[in-house]
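FYI, the numbering for the sequence shown is 5 to 368, going by the numbering used here. We treat Cβ as the ideally placed atom computed from N, Cα and C, and that holds for glycine.
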Amino acid sequence: MQTDVIRLTGMEQDAPVLERAGRIIRAGGLVAFPTETVYGLGGNGLDPAAAGRIYAAKGRPSDNPLILHITEREDLLPLTEEIPPAAEILMQAFWPGPMTLIFRKSALVPKETTGGLDTVAIRMPSHPGARAFIRAAGVPIAAPSANLSGRPSTTAADRVKEDMDGRIELILDGGPSDIGLESTIIDVTTETPTVLRPGFIGKKRLEQLFRKVDVDPAVYARPEEGFVPKAPGMKYRHYAPKASVTLVEGRPEAATAYIKQAAAEAAAAGRRTGILCSRETAPLYAGQEHVIVLGSREEDETVAHNLFQVLRELDDAGLEAVFSETFHDGPLGDAIMNRLRKAAGYQIVQAEEAEGEKNDSNRM
Ligand code: TXA
Ligand code: MG
Numbered sequence: 005m006q007t008d009v010i011r012l013t014g015m016e017q018d019a020p021v022l023e024r025a026g027r028i029i030r031a032g033g034l035v036a037f038p039t040e041t042v043y044g045l046g047g048n049g050l051d052p053a054a055a056g057r058i059y060a061a062k063g064r065p066s067d068n069p070l071i072l073h074i075t076e077r078e079d080l081l082p083l084t085e086e087i088p089p090a091a092e093i094l095m096q097a098f099w100p101g102p103m104t105l106i107f108r109k110s111a112l113v114p115k116e117t118t119g120g121l122d123t124v125a126i127r128m129p130s131h132p133g134a135r136a137f138i139r140a141a142g143v144p145i146a147a148p149s150a151n152l153s154g155r156p157s158t159t160a161a162d163r164v165k166e167d168m169d170g171r172i173e174l175i176l177d178g179g180p181s182d183i184g185l186e187s188t189i190i191d192v193t194t195e196t197p198t199v200l201r202p203g204f205i206g207k208k209r210l211e212q213l214f215r216k217v218d219v220d221p222a223v224y225a226r227p228e229e230g231f232v233p234k235a236p237g238m239k240y241r242h243y244a245p246k247a248s249v250t251l252v253e254g255r256p257e258a259a260t261a262y263i264k265q266a267a268a269e270a271a272a273a274g275r276r277t278g279i280l281c282s283r284e285t286a287p288l289y290a291g292q293e294h295v296i297v298l299g300s301r302e303e304d305e306t307v308a309h310n311l312f313q314v315l316r317e318l319d320d321a322g323l324e325a326v327f328s329e330t331f332h333d334g335p336l337g338d339a340i341m342n343r344l345r346k347a348a349g350y351q352i353v354q355a356e357e358a359e360g361e362k363n364d365s366n367r368m
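Listed below in structure tokens is the structure:
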């Protein structure tokens, strides 16, 4: 199958492209499209066979449910059994935008789309290209992130092509994704709204709307702690570059010193070595190869925006050992660290303890 990439301009000349994209979806095919978070891999959300094609294209286990993308409030009603009061508050505040809500599903939504669950994830994106595409299709669009299962999500059309070439009919190129991290997922079927995946809309903003907000404990836990995540996709190994990535926690001075030494040792051992750091600390690594800046610590939106692109650049450069600083502090710290911990396969060290543990097998 040939995969075409067509640029969306946001102008009238997009009409024939959108019409074609809509036809592909209604015929059971797949179209990747831009959103404000990451690119989506879209199919007809009401068609069980389309869900099957999405799982096959991604190489994704079919127990991992898909998000349905809509553009209007009216589109929600036929897909859900009930709309709880908490959902009304959240939709009012954050839709259209980078927030996905979990509802009890109606009979219209096929089990193939929800991975067999009785609930359904629904999101109303704000990206004009996404909205035009969903409208052109005329059906809810089931869309996971447009990457091969296990790889970093894609935030630009060329990266979608890298993973999906020959697997889908069309890629709509809307330029780089603005936010760069997937949506915040909130379960509103529970008494207290519960964050299942942190994202651009952080817990603090949610706490301005509700007396209490829960976070699924699996979000912060290591896999060996045994919490089963309520978002099935959160249990899989994710975002993993080919390099072994080590996150270095600890006070900034200790962490940078640790990274500098560990990177020098890895390079001396003949491994292609890289460093992920902030703009502020980059000069400390002068003289090391592959020092990649995620962004300023003052602007964690930039760090979020760059993260998936940078994780793919590690593979472009053929790196084998990567040492990364951590980014807990800003409003997006939870979301960034959630992705980074997974990218590192939970390989995390404490810089303060580093001195005595140089040969800790944990590190490499
Ligand atoms: O920003 C986003 O959300 C992007 C763009 C394309 O909209 N989509 C995205 O989809 O990140 P995906 O499939 O990569 O991640 C969806 C997550 C998975 O962890 C999945 O398990 C969870 O949402 N999910 C979907 N339906 C669910 C449900 N009914 N209950 C709990 N979790 C659900
Ligand atoms: Mg994904």
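Just measuring C-alpha positions, the residue of Met168, Ala348, Leu213 sitting nearest Lys62 is Met168. Residue range 295-299 is occupied by the beta strand (DSSP E) that includes Val297, with no alpha helix (DSSP H) assigned at that position. The region 164-242 contains, as complete beta strand (DSSP E) runs of 3+ residues, the segments 174-177, 188-191, 198-201 (chain order). Taking 8 Å as the cut-off, the Cβ atoms of Leu83 and Leu112 count as close. With a threshold of 7 Å, the Cβ atom of Asn68 counts as near ligand 1, since some heavy atom of the ligand is closer than that. When DSSP states are grouped into helix, strand and coil, Gly63 belongs to the coil group. Look at the beta carbons and you see the region 327-340 touching the region 258-265: at least three pairs across the two are nearer than 8 Å. For Asp8, DSSP records a beta bridge to Leu174. Closest by C-alpha distance to Arg64, out of Met238, Thr193, Thr41, is Met238. Note on Pro52: under 16 other CB atoms within 10 angstroms of its CB, so exposed under the neighbour-count rule. Here DSSP, grouped into helix, strand and coil, assigns Arg135 to helix. Residue pairing by DSSP places Leu72 opposite Ile126, Ala146 in a beta bridge.
The residue from Pro102, Ile175, Ala136 with its alpha-carbon nearest to that of Gln17 is Ala136. For the pair Leu185 and Arg24, the Cα-to-Cα distance works out to about 28 Å.
With contacts defined by Cβ atoms closer than 8 Å, Gly32 and Pro144 do not form a contacting pair. Comparing alpha-carbon positions, the option among Ala325, Thr13, Ala54, Leu45 lying closest to Leu174 turns out to be Leu45. Secondary structure of Phe37 (DSSP, three-state): strand.
When Leu315, Asp162, Gly299 are compared, the shortest CA-CA separation from Gly179 is found for Asp162. Comparing alpha carbon positions, the residue from Cys281, Val219, Glu116 closest to Ala147 is Glu116.
Here DSSP, grouped into helix, strand and coil, assigns Phe312 to helix. Under a 10 Å Cβ-count criterion, Val252 is classified as buried, with 16 or more other Cβ atoms of the shown protein chains found around its own Cβ. The beta carbon of Ser149 is closer than 8 Å to those of Val42, Tyr43, Gly44, Leu45, Ser157, Thr158, Glu186 in its chain, skipping five residues each way along the sequence. Minimum Cα-Cα distance from Glu284 among the listed residues Val297, Leu72, Arg343 corresponds to Val297.
By a beta-carbon distance limit of 8 Å, Ile189 contacts Thr104. Their separation comes to about 5 Å. The alpha carbon of Glu302 has as its nearest neighbour, out of Asn310, Asp333, Arg171, Leu318, the alpha carbon of Asp333. Here Val21 has Ile10, Leu12, Leu176 as same chain residues with Cβ atoms under 8 Å from its own Cβ, once five neighbours each way along the sequence are excluded.
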